[in-house]
Amino acid sequence: MTCGVTTIGKKPYVPQGPKVPCIEHGCPAVVTQGQGYCDKHKRSWEESQRIYLYFEPHCRDCERERDVLVPSTIAHQYFPPEHQEREWWSHLLALCESCHEKRVKEYAVWYAD
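Numbering-wise (our numbering), the sequence shown opens with residue 1 and increments by one.
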């Protein structure tokens, strides 16, 4: 062990977090906490976003604030993925590009403090 790194053979040993079930309903596989899905059920972000926007075709902010239907183009993550609920879409919000930019700027101000 040198500089706080334990080695097993020639490879450094990196401790893994606790194991939890894959978040796909009924899947018996276990994954490292925070990983979410097992390899079989992983979805790429682009695929997840495309599926979500198919079911949420209009910007939620434009609909709520201005009562207009504007096509959504971005599935905004409104809290970090490591805090996901069991459903992969539970932390997403359908937004148009301008509403997404507005939210990103607001968050930048919040996190700067």
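Note that CB positions come from ideal geometry on N, CA and C, so glycine has one too.
A quick note: this is a predicted structure, and the numbers were derived from the prediction, not measured.
Handout entry: Beta-ladder partner(s) of Gln-77, from DSSP
Key = Leu-92
Problem - Element boundaries [beta strand (DSSP E), containing Val-31] - result: 30-32
Exercise for the section: Would you kindly work out how many angstroms separate the C-alpha atoms of Val-31 and Tyr-37, rounded to a whole number? Expected result: 7 Å
Problem - Expected contact under 8 Å - CB spacing of Ser-72 and Ala-94 to nearest Å - result: Sure, about 4 Å apart at Cβ, within 8 Å.
Problem - Where Glu-106 sits in the DSSP three-state scheme - result: helix
Exercise for the section: On a CA-only basis, which of Ile-74, Leu-69 and Glu-65 is nearest Arg-50? Give me that one, please. Expected result: Ile-74
Exercise for the section: Using DSSP bridges, identify the partner residues of His-58. Expected result: DSSP, once it has assigned bridges, lists Pro-71 as partnering His-58.
Problem - Pairwise C-alpha distance: Ala-29 and Gln-35 - result: 12 Å
Exercise for the section: Just the C-alpha distance for Gln-77 and His-100, rounded to the nearest angstrom, thanks. Expected result: 10 Å
Problem - Nearest neighbour of Lys-19, chosen from Gln-33, Gly-26, His-25 and Cys-27 [CA to CA] - result: Gln-33
Problem - Span of the beta strand (DSSP E), counted from its first residue to its last, around Lys-40 - result: Where Lys-40 is concerned, there is no enclosing beta strand (DSSP E), given that its DSSP letter is neither H nor E.
Handout entry: Chain-order list of residues whose beta-carbon lies under 6 Å from that of Arg-60 (same chain, five-residue window excluded)
Key = Leu-93 and Ala-94
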